[in-house]
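Residues in the sequence shown are numbered consecutively from 1, following UniProt numbering. Take a look at the structure set out below.
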Amino acid sequence: MDVNPAPSTATANPALISLLLPTRGRPELAERFFASVVKTAEHLAAIEVILYVDEDDPGSHQLDGGALHTVRIIGPNRSMGAYNTACYRACRGEIVVLVNDDMVMGTPGWDQALRNLHDRYADRIYLAYGNDLLKKRGLATFPILARSTCELLVDPYPETYAGAFIDVHLFDIFKRVQQAGFERIVYLPDVIFEHLHYRTGKASYDATYSKRGRFQDDPAFIQLADNRREAAGRVVAALQGLAPPTDALPPALGAVPATNRSAVWFYFNAIALDRQLPLRWRARLWLWFSLRHSAANGWLKPFVKG
1 MDVNPAPSTA
11 TANPALISLL
21 LPTRGRPELA
31 ERFFASVVKT
41 AEHLAAIEVI
51 LYVDEDDPGS
61 HQLDGGALHT
71 VRIIGPNRSM
81 GAYNTACYRA
91 CRGEIVVLVN
101 DDMVMGTPGW
111 DQALRNLHDR
121 YADRIYLAYG
131 NDLLKKRGLA
141 TFPILARSTC
151 ELLVDPYPET
161 YAGAFIDVHL
171 FDIFKRVQQA
181 GFERIVYLPD
191 VIFEHLHYRT
201 GKASYDATYS
211 KRGRFQDDPA
221 FIQLADNRRE
231 AAGRVVAALQ
241 GLAPPTDALP
251 PALGAVPATN
261 RSAVWFYFNA
271 IALDRQLPLR
281 WRARLWLWFS
291 LRHSAANGWL
301 KPFVKG
């Protein structure tokens with residue numbers, strides 16, 4: 001692990017923000033991200049970026065944020081959940097943000113907006129997210145958590161997720177908290193974390209995108225349902241002033257849908273009947289997973305041009 005000089009303590013002592021950034025094969029995109037942080041941050045000295053780069057990606061081994069305090073981890077190829085977990089364990093921030101190399105910070109003073117939000121919650125329990133200009137309000141694409149929330153969740157970024165679904169996983173946990181009567185999901189529409197994804201026409205489809213199986217993490221999300229139920233229970237207990245359980249969260253267990261049309265019924269039972277979730281979120285997930293399963297098995301080809 002390489003570290004450049006630590007940030008100095010500001011007079012006002014603003015809360016330290018940690019940006020967790022796994023990156024592979026995209027040094028120019030990572031540098032673009034660094035530049036956007038430096039350009040827009042109000043208190044740059046109170047921000048750190050934790051990089052994870054693969055051992056077999058030497059072109060990224062010298063990445064450095066310059067004026068942006070940088071911690072660089074060089075290690076083996078791992079899952080996206082494992083990358084983010086490694087970055088989280090190396091970070092020091094009170095506010096923890098998952099970021100991508102295919103995004104840029106677009107709002108001047110975004111960091112102070114996060115600190116202002118952080119200070120609104122004395123218990124430091126929330127899931128916040130900015131406007132990615134793609135999913136917008138619909139999903140916490142770049143989730144923002146207080147460190148105390150991460151500790152409460154125990155494993156906020158499960159290693160089971162190979163390349164996707166961490167944002168959906170966290171959103172689902174806090175939808176369960178919402179259903180229990182506590183609104184701790186905060187969307188910041190004026191804080192732009194622009195996602196320059198190839199699907200928006202703002203990036204090319206490169207090797208990093210192609211390496212990820214589009215549907216490979218769908219089973220993991222289903223198998224981690226008990227994990228999310230218990231994680232949500234811990235959050236609710238803390239919000240009620242109770243001591244949360246101390247036992248380990250359940251691993252990824254349970255059935256996954258077969259590659260046939262009975263999957264729609266499987267998802268109905270696994271998602272639509274989960275009363276710990278708000279009805280609208282259940283319906284959305286059920287439809288989304290059913291369509292994804294159909295697409296993964298080629299059943300939608302007759303209805304899709306090209």
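Quick reminder that beta carbons are idealized off the backbone N, C-alpha and C, glycines included. Predicted model only: the values in this text are computed from it and were never measured.
Around the Cβ of residue 164, a 10 Å sphere holds 16 or more other Cβ atoms; the residue is buried. Per DSSP, the continuous alpha helix (DSSP H) segment holding residue 29 begins and ends at 27-40. In the DSSP assignment, the residues bridged to residue 54 are 75. Around the Cβ of residue 265, a 10 Å sphere holds fewer than 16 other Cβ atoms; the residue is exposed. In the DSSP assignment, the residues bridged to residue 193 are 105. In the three-state scheme derived from DSSP, where H, G and I count as helix and E and B as strand, residue 146 is classed as strand. Taking all protein chains shown into account, residue 262 has fewer than 16 neighbouring C-beta atoms within 10 Å of its C-beta and is therefore exposed. In this model, residue 231 and residue 41 are separated by some 32 angstroms (Cα to Cα). Of the candidates 162, 18, 279, the residue whose Cα lies closest to the Cα of residue 89 is 18.
Nearest neighbour of residue 288 by Cα position, chosen from 30, 152, 94, 168, turns out to be 168. The beta carbon of residue 126 sits closer than 6 angstroms to the beta carbons of 184, 186 from its chain, once the five residues preceding and following it are set aside; these are given in chain order. In terms of Cα proximity to residue 254, the closest of 130, 227, 239, 56 is 227.
Residue range 127-131 is occupied by the beta strand (DSSP E) that includes residue 130.
Check the Cα spacing between residue 45 and each of 98, 93, 285: the tightest is with 93. In the DSSP assignment, residue 22 falls outside any alpha helix (DSSP H) and lies within the beta strand (DSSP E) extending over 17-22.
The continuous alpha helix (DSSP H) containing residue 114 extends over residues 110-120.
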